[in-house]
Amino acid sequence: MKTRVKKFGLALLVAGISLGSLGYVDNYFEISKNLDIFVTLFKNLNIYYVDETEPGKLIKESIDGMLESLDPYTTYIPESEMEDHRFSITGKYGGIGSLIRKRGEKIIIAEPYEDYPAHKAGLIAGDILLEVNGTAISGKNTSQVSKVLKGQAGTSVKILVEREGKEKPFEVELVRDEIKINPVPYFGMLDDNFGYIRLSTFTSKASEEIKKGVQELKKEDNLKGLVLDLRSNPGGLLREAVNIVNLFVGKGDEIVSTRGKLKDWDKVHRALNTPLDEEIPLIILVNRSSASASEIVAGALQDLDRAVVIGQKTFGKGLVQQTLKLTYNAQLKVTTAKYFIPSGRCIQALDYTNRNEDGSVGKVPDSLITEFSTRNGRPVYDGGGIEPDISVSPQKGSRIGAKLMNKM
2 MKTRVKKFGL ALLVAGISLG SLGYVDNYFE ISKNLDIFVT LFKNLNIYYV DETEPGKLIK
62 ESIDGMLESL DPYTTYIPES EMEDHRFSIT GKYGGIGSLI RKRGEKIIIA EPYEDYPAHK
122 AGLIAGDILL EVNGTAISGK NTSQVSKVLK GQAGTSVKIL VEREGKEKPF EVELVRDEIK
182 INPVPYFGML DDNFGYIRLS TFTSKASEEI KKGVQELKKE DNLKGLVLDL RSNPGGLLRE
242 AVNIVNLFVG KGDEIVSTRG KLKDWDKVHR ALNTPLDEEI PLIILVNRSS ASASEIVAGA
302 LQDLDRAVVI GQKTFGKGLV QQTLKLTYNA QLKVTTAKYF IPSGRCIQAL DYTNRNEDGS
362 VGKVPDSLIT EFSTRNGRPV YDGGGIEPDI SVSPQKGSRI GAKLMNKM
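Residue 409 is where the sequence shown ends in this note's numbering, and the numbering goes up by one at each step.
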């Protein structure tokens, strides 16, 4: 019995668990017991199940099922999906360099980017994709086709193409290249002497591109102000949001803070650099699809009374994720903290921790919504996104426009 106790104590020590905390000991038993059950179950399932199983697929589905009980932002990223993850962070990916679109039941080349593989190989808008690496893509959606077209830069991919005017389909072998997408697809002047900058995502160069855009627009005569368009921007890197706000607020101003279960995630992010322009009038455009880093920028500038926010109430994502490396080149993106903008409010709209009895996720109840104040004393509220200073109904696209898009 003493030997067993010693071995157990050693196991706890190796696992880095303090015997002084009963909670940690209980957790260790729970984790150890359930991992043991899972390993035994998985082994027996693969040995005795009547048909052949796919161990990798079973494990992936098990992991996905476990994470599904948490929040939609905590995800497992296997090696096969790392290219998409890298694109979300850097704005770069390995691919053929073309926009693809579904037209009817067919996937077509919609826009080959100049000087990238698809363009260099002579593919043109309207070309119909039939096969990728010998596999028919009939019935697949654009996301599924895009996934097989992407891959590490320098690797090759063969596609079978049908083109109007050619009697037979033809095969093209492309060598994937590193495709770079500018997070600022457009900036320019509006009719009323306001500069306009569109930011589509918060990738690693977002703040640099915003700074370049502002500097160029400031060269214009009679520049009255700037419009930063964050509509339908899903967010991205926290540091890029902080750096963008820093362009317009005083050095030392608090921009956002994060608070998590571990003290390592408790941080206050301030403006560390001299601002580019602390005085120029700012308008921030948002809509219901402006989320995460977009809400940090809009909310921080609103709380500091530095900008007027116009549009619709934003999505309400106040959760921060960190990416942790796993074995075999996989990664875990896990929610580690909530973020709080300068007034002290958290704009998270859905309460994933306290679910309803049926397991569904409810919004933060009105009884828990708290009033906060901006720097100049204006009331603002937590619990559901950024409420614009001026609400504007979303514009609906015309039927003609929709038909034209489907024809492309």
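Note that beta-carbon positions come from the ideal geometry of N, C-alpha and C, so glycine has one too.
Does the Cβ of E241 have 16 or more other Cβ atoms within 10 Å, making it buried, or fewer, making it exposed? The residue labelled residue 241 in the question sits at position 240 within the sequence shown. Its Cβ being crowded by 16 or more others within 10 Å, E241 is buried.
Measure the alpha-carbon distance for D367 versus K314 and round it to whole angstroms. Here residue 367 refers to the residue found at position 366 when the sequence shown is read from its first residue. Here residue 314 refers to the residue found at position 313 when the sequence shown is read from its first residue. If you take the alpha carbons of D367 and K314, they lie about 16 Å apart.
S201 classed as buried or exposed, judged by whether at least 16 other C-beta atoms fall within 10 angstroms: As a first step, residue 201 is located in the sequence shown; it is residue number 200 there, counting from the start. The residue in question, S201, is buried, as its Cβ has 16 or more Cβ neighbours within 10 Å.
Whole-Å CB distance - R232 paired with V287, under 8 Å assumed: As a position in the sequence shown, residue 232 is number 231, starting the count at 1. As a position in the sequence shown, residue 287 is number 286, starting the count at 1. Confirmed, about 6 Å.
Using the DSSP secondary-structure output, state which residues sit across from I373 in a beta bridge. The residue given as residue 373 occupies position 372 in the sequence shown. For the record, residue 373 in the displayed sequence is Phe; it is not Ile. DSSP, once it has assigned bridges, lists V381 as partnering F373.
Inter-stretch contact (C-beta, 8 Å, three-pair minimum) for the segment 114-133 and the segment 151-163: yes
Where E55 sits in the DSSP three-state scheme: Walking along the sequence shown from the start, residue 55 turns up at place 54. The answer is coil: DSSP assigns E55 none of H, G, I, E or B.
If you reduce the DSSP assignment to three classes, tell me which class S361 lands in. As a position in the sequence shown, residue 361 is number 360, starting the count at 1. Residue state, collapsed to three classes: coil.
In terms of residue numbering, what span does the alpha helix (DSSP H) encompassing I245 cover? By one-based count along the sequence shown, residue 245 stands at place 244. Where I245 is concerned, the enclosing alpha helix (DSSP H) stretches over 239-247.
Helix, strand or coil at L36 according to DSSP, with G and I counted as helix: The residue labelled residue 36 in the question sits at position 35 within the sequence shown. Helix.
Alpha helix (DSSP H) segments (min. 4 residues) lying fully within the segment 197-266: As far as the segment 197-266 is concerned, its whole alpha helix (DSSP H) runs of at least 4 residues are 207-218, 239-247.
When the Cα atoms are used, what is the spatial distance from F249 to Q216? The sequence position of residue 249 within the sequence shown is 248, counting from 1. The sequence position of residue 216 within the sequence shown is 215, counting from 1. About 12 Å.
Taking the Cβ atom as the reference point for each residue, do E77 and L333 lie within a distance shorter than 8 Å? As a position in the sequence shown, residue 77 is number 76, starting the count at 1. As a position in the sequence shown, residue 333 is number 332, starting the count at 1. It is worth fixing the name first, because residue 77 is Tyr in this sequence and not Glu. Contact: yes.
Using the DSSP secondary-structure output, state which residues sit across from Q332 in a beta bridge. Reading the sequence shown from its first residue, position 331 is the one you call residue 332. Beta-bridge pairing links Q332 to I78, K326.
In DSSP terms, what Y117 is bridged to: Looking up residue 117 in the sequence shown gives position 116. DSSP, once it has assigned bridges, lists no residue as partnering Y117.
Given K212, which residues of its chain have a CB within under 7 Å of its CB, disregarding the five upstream and five downstream residues? Walking along the sequence shown from the start, residue 212 turns up at place 211. Excluding residues within five positions, the ones whose Cβ falls inside 7 Å are L248, L277.
Please return the same chain residues whose Cβ sits closer than 8 Å to the Cβ of G95, not counting the five positions on each side in sequence. As a working note, residue 95 is residue 94 in the sequence shown. Result list for G95: E84, K151, G152, Q153, A154, G155, T156, R177, D178, E179, I180, in chain order.
Beta-carbon proximity of L283 to G214, cut-off 8 Å: Translated into the one-based positions of the sequence shown, residue 283 becomes position 282. Translated into the one-based positions of the sequence shown, residue 214 becomes position 213. Contact flag unset, no.
May I ask you to list the residues that DSSP assigns as paired with M67? Indexing the sequence shown from 1 puts residue 67 at position 66. M67 pairs with nothing; no bridge assigned.
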